[in-house]
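Student: Residue numbers (the working numbering): -6 to 228.
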């Protein structure tokens, strides 16, 4: 009888375990997994009810933390904006220097003092001379002063090659698109003037005779003018 009484008591406790009002989380006879599962479901439901609001708050906080679109655009514009001061205008200071379209000088070899001055003006230096031709290390001088130096070594025969000319024209296009002065030179301005005539005629669409006249004004000599005429199909 006592055993039956104990079993009845256990059954009673089983049936009322979830309603015992316990909130202290301690295990009880009536828990038996069911109470934990059911109460756990209630806790999970309460958490689920709160989750959207909490997630929304987190999303709102993220949005509020982002800078306004206008501020981001202004920051990008400031980062990409050129210097407030306009670029210096190059002027010819020697007989072998020739001002051409845009802020460019086409010239013969500048001395070290002139190169120093040009770098100070922010000019990009493009030489058509080979290293073997140089009396001093021009690249080391220009870059040592913080300037930009580009070598596109050229011989008269190179102009006969279409790929060579196209590469040269691409270089000129790149720097003509930049708001900086450019100093293009060779030894005497013969090759530099020739390259300019070809560039104007083949890349810029300037009429051949006009391009040749501009190349001549920029230092192109008679021997290379004959080569230009041949390349352009004038002779």
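Glycine residues also receive a C-beta, built at the ideal position from the N, C-alpha and C atoms.
1) So what's residue 114 in DSSP terms, helix, strand or just coil?
2) May I have a chain-ordered list of the alpha helix (DSSP H) segments no shorter than 4 residues that lie completely inside the region 149 to 181?
3) With a threshold of 16 other CB atoms inside 10 Å of the CB of residue 223, please say whether the residue is buried or exposed.
4) Return the residue from the list 210, 176, 220 that minimises the CA-CA distance to residue 118.
5) In the DSSP assignment, what are the bridge partners of residue 189?
6) Does DSSP classify residue 109 as helix, strand or coil?
7) Residue 101: which of 120, 133, 143 sits nearest, CA to CA?
8) Taking DSSP's pairing of strands, which residues face residue 142 in a bridge?
9) Looking only at its chain, what residues have a beta carbon closer than 8 angstroms to the beta carbon of residue 233, apart from the 5 residues adjacent to it on each side?
10) Tell me, please, whether the region 122 to 134 touches the region 102 to 110 by the rule of three or more beta-carbon pairs shorter than 8 angstroms.
11) If you follow the alpha helix (DSSP H) that residue 136 is in, where does it begin and where does it stop?
12) Out of 110, 179, 88, 166, which one is the CA nearest neighbour of residue 94?
13) Can you tell me where the alpha helix (DSSP H) with residue 98 in it begins and where it stops?
14) Going by the DSSP bridge assignment, what does residue 91 pair with across the sheet?
15) Excluding sequence positions up to five away, which residues of its chain have a Cβ less than 8 angstroms from the Cβ of residue 91?
16) Output the boundary residues of the alpha helix (DSSP H) element that contains residue 209.
17) Could you give the DSSP three-state label for residue 234: helix, strand or coil?
18) DSSP three-state call for residue 128: helix, strand or coil?
19) Just confirm the distance between the C-beta atoms of residue 201 and residue 83, as a whole number of angstroms; I'd bet it's less than 8 angstroms.
Tutor: Reading from the atomic positions:
1) coil
2) 155 to 169
3) exposed
4) 176
5) Note: residue 189 sits in no beta bridge, so no partner.
6) helix
7) 120
8) 118
9) With the chain covering only -6 through 228, there is no way to say anything about residue 233.
10) yes
11) 131 to 137
12) 166
13) Careful: residue 98 lies outside any alpha helix (DSSP H), inside the beta strand (DSSP E) at 97 to 100.
14) 99
15) 85, 98, 99, 100, 182, 186, 210, 211, 212
16) 201 to 210
17) Because the chain in this structure spans residues -6 to 228, residue 234 falls outside the shown range and cannot be described.
18) coil
19) Contact doesn't hold; Cβ gap of about 27 angstroms is too wide.
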